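Chains as they are written, first to last, in my numbering: chain C, 10 to 130; chain E, 117 to 348.
A virtual CB, placed ideally from N, CA and C, is assigned to each residue, including glycine.
Values in this document were obtained by computation on a predicted structure and should not be read as measured data.
Notes to accompany the following structure.
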């Protein structure tokens with residue numbers, strides 16, 4: 010029963026998120042509305058962590074598996090990508106690594122300054 | 117084989133689950149991660165499709181769609197680590213915002229560089245702008261600004277897959293050791309796919325990466341139309 014109830018709550022939040030997407034004319038996916046909605050419900054105390062934690066944890070653990078179908082779809086872009094292949098790959102690899110480096114270093118510097126331990130990484 | 121694929125409602129599902137489990141099994145036998153399950157499963161499914169001459173749509177409709185169906189609620193559940201770690205994230209609010217903004221700026225600068233280096237046409241350049249953000253926002257944004265949504269999708273996939281596979285090695289290379297900074301770096305550079313890996317690194321990383329998806333998505337929605345003006 011515990012799991013069923015948690016699944017119902019998560020399904021309800023998902024359906025509500027789709028409702029928000031239906032009403033709001035922005036290119037924002039339902040999942041982002043849902044993420045904010047679930048966070049708001051937890052933060053305001055309407056939902057307790059125990060009411061979503063187990064099924065939610067399972068879904069989070071499964072996430073890499075859930076991304077497999079979308080990843081395989083790269084096959085379908087092979088025809089349309091054409092001469093954009095080089096920029097797409099450069100930005101996909103080098104660009105992604107660069108963004109990771111910049112974000113991580115800037116955030117790390119900020120966090121360490123906040124801690125006040127004067128370390129520079 | 118192709119006909120069986122078209123007939124079956126479960127073969128695509130089995131292929132995804134089986135190849136993912138096989139990668140886990142190999143890693144278990146080797147005692148360390150030698151193949152990333154997401155990458156391995158993607159290549160294995162791709163190889164089977166190409167090898168049997170099966171269309172992606174057939175594979176998708178034979179059960180793979182059921183997995184993707186769960187992706188929306190799973191992404192929503194990223195609110196759980198976010199809630200657990202909220203105090204830490206709020207305490208470092210300035211660092212969170214600065215990190216994400218710097219990442220988005222770096223990405224936009226990279227796109228502008230590609231525009232100049234490859235003398236890309238406007239639509240091709242716009243196609244690259246939303247590539248670090250979650251698929252649904254990215255695809256919509258590409259469409260709205262006049263890019264090629266299919267290529268944006270592919271480029272989001274490459275980005276996410278690379279982020280998910282290489283994140284631990286890259287973080288080490290760049291000496292990013294603060295768990296919070298690690299999460300932000302992963303979420304800003306490689307959206308939900310990277311975040312699926314961040315969740316494995318730890319609760320703080322997962323929470324920070326989830327928050328970064330939201331912040332980066334919003335910043336990109338605001339910045340991309342401005343950057344798209346460069347192409348004109």
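message: Check whether chain C comes within 7 Å of residue 196 of chain E, counting only Cβ atoms and requiring the distance to be less than that.
response: yes
message: Can you tell me whether residue 24 of chain C is buried or exposed? The criterion is at least 16 other CB atoms within 10 Å of its CB, across all chains shown.
response: exposed
field: Interface residues of chain E facing residue 82 of chain C [CB-CB closer than 9 Å]
entry: 172, 176, 269, 270, 273
field: residue 279 of chain E versus residue 302 of chain E: straight-line alpha-carbon distance, rounded
entry: 7 Å
field: Own chain partners of residue 128 of chain C with C-beta closer than 7 Å, once the 5 adjacent residues on each side are dropped
entry: Because residue 128 of chain C carries a pLDDT of 48, less than 50, the predicted location of this residue cannot be relied on, and the following value inherits that uncertainty. Correct list, in chain order: 121.
message: Check for me: the alpha helix (DSSP H) holding residue 207 of chain E runs from which residue to which?
response: 202-207
message: the ligand FAD and residue 242 of chain E: does any heavy atom of the ligand fall closer than 6 Å to the residue's C-beta?
response: As presented, the structure is devoid of all ligands, the ligand FAD included, so that no description of it is given.
field: Distance between beta carbons of residue 104 of chain C and residue 226 of chain E, contact taken as under 8 Å
entry: 4 Å
message: Can you tell me whether residue 56 of chain C is helix, strand or coil according to DSSP?
response: coil
query: CB residue 113 of chain C to CB residue 297 of chain E, shorter than 7 Å?
result: yes
- prompt: Cα separation between residue 283 of chain E and residue 313 of chain E?
  reply: 8 Å
task: Please report the Cβ distance between residue 89 of chain C and residue 266 of chain E, rounded to the nearest whole angstrom; I am assuming they are in contact, meaning their Cβ atoms lie under 8 Å.
output: 5 Å
- request: Name, please, each residue of chain B whose Cβ falls closer than 9 Å to the Cβ of residue 247 of chain E.
  value: The chain inventory of the structure shown lacks chain B, comprising the protein chains C and E.
- prompt: Beta-carbon separation of residue 42 of chain C and residue 29 of chain C under 7 Å?
  reply: yes
query: Of all the options C:123, C:101, C:39, which has the alpha carbon lying nearest to the alpha carbon of residue 20 of chain C?
result: C:39
message: For residue 307 of chain E and residue 144 of chain E, what's the separation of their Cα atoms in angstroms?
response: 27 Å
- prompt: Would residue 91 of chain C be called buried (16 or more neighbouring beta carbons within 10 Å of its own) or exposed?
  reply: exposed
message: Suppose contacts are defined by Cβ-Cβ distances below 7 Å. Is residue 116 of chain C in contact with residue 333 of chain E by that definition?
response: no
query: At a Cβ threshold of 7 Å, is residue 349 of chain E touching chain C?
result: What the structure shows of chain E is the stretch from 117 to 348, and residue 349 of chain E is not part of that stretch, so it cannot be assessed.
task: Report yes or no: is there a C-beta of chain E within less than 7 Å of the C-beta of residue 117 of chain C?
output: yes
- prompt: residue 114 of chain C touches chain E at which residues, Cβ-Cβ below 7 Å?
  reply: 290, 292
- prompt: Are residue 48 of chain C and residue 195 of chain E close, meaning C-beta to C-beta below 7 Å?
  reply: yes
task: Please confirm if the region 171-190 of chain E is in contact with the region 121-140 of chain E, defined as three or more CB-CB distances below 8 Å between the two stretches.
output: yes
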